[in-house]
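Structure first, commentary second.
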Amino acid sequence: MKKEELKHLIEEYLASRKRMENLRKEVKDLEDRYDEILEHIYLFRSKEFLRSALLYLKELKGEYGKDEHFVDLLYSVIGAFKDYKKIEQRKKYTPKHLLYLYDEKVEKEHSS
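FYI, the numbering for the sequence shown is 4 to 115, going by our numbering.
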């Protein structure tokens, strides 16, 4: 192997390694944000919020109903709603800075 071929492979290795590290960090950040979103959509919510969220998801079904991830979200919210007895238990383990989520409501839009 010629030195320039080896140098090219080494440079490619270094660039690939750097890119993989950046992608891992990006995936980690994305996973963290995904978890935050789930907390705000249905993990730390009251039964009333989940009921109104389900009604809103039903409204959005025509727009997103064919998206498999939307369907997964819908089933997750349904599962959380059906398992509402655990909501009070989850409150005990909810981080204090997220307790306010149990009191939030889905606001109805005002039409002009």
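We put the CB at the ideal spot given by N, CA and C, even for glycine. Just so it is clear, the structure is predicted and the values come from calculations on it, not from any experiment.
Contact under 7 Å by Cβ, residue i with residue j
i	j	result
Glu60	Leu41	The sequence given here has Leu at residue 60, not Glu. Going by C-beta atoms, Leu60 is not nearer than 7 Å to Leu41.
Leu53	Phe84	yes
Leu104	Phe47	yes
Close Cβ partners of residue i (< 7 Å) along its chain, the five nearest in sequence each way excluded
i	result
Ile90	Ser49, Lys50
Straight-line Cα distance separating residue j from residue i
i	j	result
Lys5	Glu15	15 Å
Lys31	Val80	24 Å
Glu29	Glu66	29 Å
Thr97	Ile44	14 Å
Arg27	Glu39	18 Å
Asp86	Glu24	39 Å
Leu63	Arg20	42 Å
Glu8	Ala18	15 Å
Asp106	Arg22	43 Å
Start-to-end residues for the alpha helix (DSSP H) that takes in residue i
i	result
Val74	71-85
Lys108	Where Lys108 is concerned, there is no enclosing alpha helix (DSSP H), given that its DSSP letter is neither H nor E.
Ser49	That residue, Ser49, is in no alpha helix (DSSP H); it is neither H nor E in DSSP.
Met23	6-41
Glu91	88-96
Same chain, Cβ closer than 8 Å to residue i, five either side skipped, listed in chain order
i	result
Arg93	Leu46, Phe47
Lys108	Glu51, Phe52, Ser55
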